[in-house]
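What follows is a single structure, written as structure tokens, with notes after it.
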Amino acid sequence: MRDKRRRFDEDTYTRRGRLTEYERARLADEDEDKVPGDGDRYSTWDTGERGPEPYPDWVVTDLAAVDTELGILKTGKEADVHLVRRGVPDSARECLLAAKRYRSGEHRQFHRDSGYLEGRRMRRSRETRAMANRTSFGRNLIAEQWAVAEFASLSRLWTIGLPVPYPVQRNGTELLLEFLGDEDDNAAPRLAELRPGEDQLADLWFQAEKVLERLAVEGLVHGDLSAYNMLVHDGRLVLIDLPQMIDVFANPGGAGYLARDVTNLAGWFAGKGLDIDVPGLVGSLSERAGLR
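Residues 0 to 291 (numbering that gives the first Met the number 0) make up the sequence shown, in order.
Given below as structure tokens:
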């Protein structure tokens, strides 16, 4: 007898609104001729998961807006970041966005470092098996899980006032974030790219300590903090790259991640000549987080 159970079709599988990368590309090709002007697609504001309210005034929410690709800002092992202009045709209403797109086929961090995932659970065993077996559908789910986690982290930190880019929306494996840069569309530099003077170095470390303290009070750890995932925009430190943010109580390795974050970040500042009591800071933050 023919097996009537539904099977994975890894090229065209769609269920409960979730599309594969192949299906998204096909639909984009179908709509290509319908986008006005030099736009690449219509705004996805009506279909994506939106950031926290109230929405900043600069965010373009018009459904008639179109998105135009302006180039790549950064490439990485798990995701690429593109510069996108969202604007309403024949008007001055527009904004710049950083589009972070996770690459499902090459994304390995989720599978490799299970320590970050302690305390997180997938409810559907079928999806869990697909991810464990590394099917194409499973790899797409892996990428989407990291996109979901990062969007949730950014939304939470923005809401409590921590310095992060405003998370405009999430659609599948794509995050649209506030673009932080100058008037010439140059992205804000990473902390690691700076050569600060003595006064600026001290001010940046003061800001870094305040960020670490606030995270600890919230029971959170960045999980992969270093001078490479903090931007400096108009003299202000900004946290980025947050898919692996950790709840120190849900994750049994939380204390270790906290100590590693502090050690890595403080190491960069110490290398620039700043005297930092790393063990003392780790102890203080652990107390604030309720780990001692």
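Glycine residues also receive a C-beta, built at the ideal position from the N, C-alpha and C atoms. Note that this is a predicted model, so its numbers are computed, not measured.
For residue j and residue i, the rounded distance between their alpha carbons
{"i": "Glu-286", "j": "Gly-160", "result": "21 Å"}
{"i": "Trp-204", "j": "Lys-33", "result": "50 Å"}
{"i": "Ala-249", "j": "Thr-172", "result": "25 Å"}
{"i": "Asp-66", "j": "Asp-39", "result": "6 Å"}
{"i": "Val-58", "j": "Glu-93", "result": "8 Å"}
{"i": "Gly-263", "j": "Ser-90", "result": "The question names Gly, but residue 263 in the sequence shown is Asn. Computed Cα separation, rounded: 46 Å."}
{"i": "Glu-270", "j": "Ala-64", "result": "Correcting the residue identity first, residue 270 is Gly in this sequence and not Glu. Each residue's alpha carbon lies about 47 Å from the other."}
{"i": "Glu-212", "j": "Leu-280", "result": "9 Å"}
{"i": "Leu-62", "j": "Pro-53", "result": "18 Å"}
{"i": "Asp-276", "j": "Lys-73", "result": "34 Å"}
{"i": "Arg-194", "j": "Pro-55", "result": "32 Å"}
{"i": "Gly-234", "j": "Ala-226", "result": "15 Å"}
{"i": "Leu-174", "j": "Val-167", "result": "8 Å"}
{"i": "Glu-214", "j": "Pro-278", "result": "Correcting the residue type first, residue 214 is Leu in the shown sequence and not Glu. Roughly 18 Å between the two C-alpha positions."}
{"i": "Ile-71", "j": "Val-231", "result": "19 Å"}
{"i": "Leu-284", "j": "Gly-253", "result": "12 Å"}
{"i": "Phe-268", "j": "Asp-274", "result": "8 Å"}
{"i": "Val-210", "j": "Tyr-41", "result": "37 Å"}
{"i": "Arg-85", "j": "Asp-183", "result": "16 Å"}
{"i": "Tyr-21", "j": "Glu-208", "result": "The predicted model places Tyr-21 with a pLDDT of 49, which falls under 50 and marks its position as unreliable; any figure quoted below should be read in that light. Cα to Cα, the separation comes out at about 44 Å."}
{"i": "Glu-192", "j": "Val-80", "result": "18 Å"}
{"i": "Leu-156", "j": "Gln-206", "result": "15 Å"}
{"i": "Leu-153", "j": "Asp-202", "result": "24 Å"}
Backbone secondary structure at residue i - three-state DSSP
{"i": "Arg-302", "result": "The question about residue 302 has no answer here: the residues shown for the chain are numbered 0 through 291."}
{"i": "Trp-44", "result": "coil"}
{"i": "Val-83", "result": "strand"}
{"i": "Gly-137", "result": "Below a pLDDT of 50, predicted positions are generally treated as unreliable, and Gly-137, at 47, falls in that range; the measurement from the model is reported next regardless. If DSSP states are grouped into helix, strand and coil, Gly-137 belongs with the helices."}
{"i": "Leu-230", "result": "strand"}
{"i": "Pro-164", "result": "coil"}
{"i": "Val-59", "result": "coil"}
{"i": "Lys-209", "result": "helix"}
{"i": "Arg-291", "result": "coil"}
{"i": "Glu-197", "result": "helix"}
{"i": "Thr-172", "result": "coil"}
{"i": "Glu-93", "result": "strand"}
{"i": "Leu-284", "result": "helix"}
{"i": "Val-34", "result": "coil"}
{"i": "Asp-202", "result": "helix"}
{"i": "Leu-224", "result": "coil"}
Residue j beta carbon less than 9 Å from that of residue i
{"i": "Val-87", "j": "Glu-68", "result": "no"}
{"i": "Asn-185", "j": "Thr-43", "result": "no"}
{"i": "Met-229", "j": "Leu-190", "result": "yes"}
{"i": "Gly-266", "j": "Glu-197", "result": "no"}
{"i": "Val-216", "j": "Ala-288", "result": "yes"}
{"i": "Leu-224", "j": "Val-261", "result": "yes"}
{"i": "Glu-143", "j": "Arg-102", "result": "no"}
One or two residues paired with residue i in a DSSP bridge
{"i": "Asp-66", "result": "Arg-40, Arg-85"}
{"i": "Ala-186", "result": "Gly-180"}
{"i": "Leu-264", "result": "The partner list for Leu-264 (beta bridge, DSSP) is empty, contrary to what the question assumes."}
{"i": "Asp-246", "result": "Leu-219"}
{"i": "Val-237", "result": "Leu-230"}
{"i": "Ile-71", "result": "His-81"}
{"i": "Arg-49", "result": "Gln-168"}
Residue i CB to nearest heavy atom of the ligand FMN below 8 Å
{"i": "Pro-162", "result": "In the structure shown, the ligand FMN is absent, as is every other ligand, since no ligand is present at all."}
Chain C contact for residue i (CB, 9 Å cutoff)
{"i": "Trp-57", "result": "Here there is only one protein chain, and chain C is not present."}
request  = Pair every Cβ in the region 144 to 164 with every Cβ in the region 233 to 242, then say whether three or more of these pairs are closer than 8 Å.
outcome  = yes
query = Below 8 Å, can you find three or more Cβ-Cβ pairs linking the region 243 to 253 to the region 219 to 227?
reply = yes
key: Contact the region 91 to 102 vs the region 174 to 185: 3+ CB pairs below 8 Å   = yes
query = Using 8 Å as the Cβ pair cut-off and three pairs as the minimum, do the region 47 to 64 and the region 146 to 158 touch?
reply = yes
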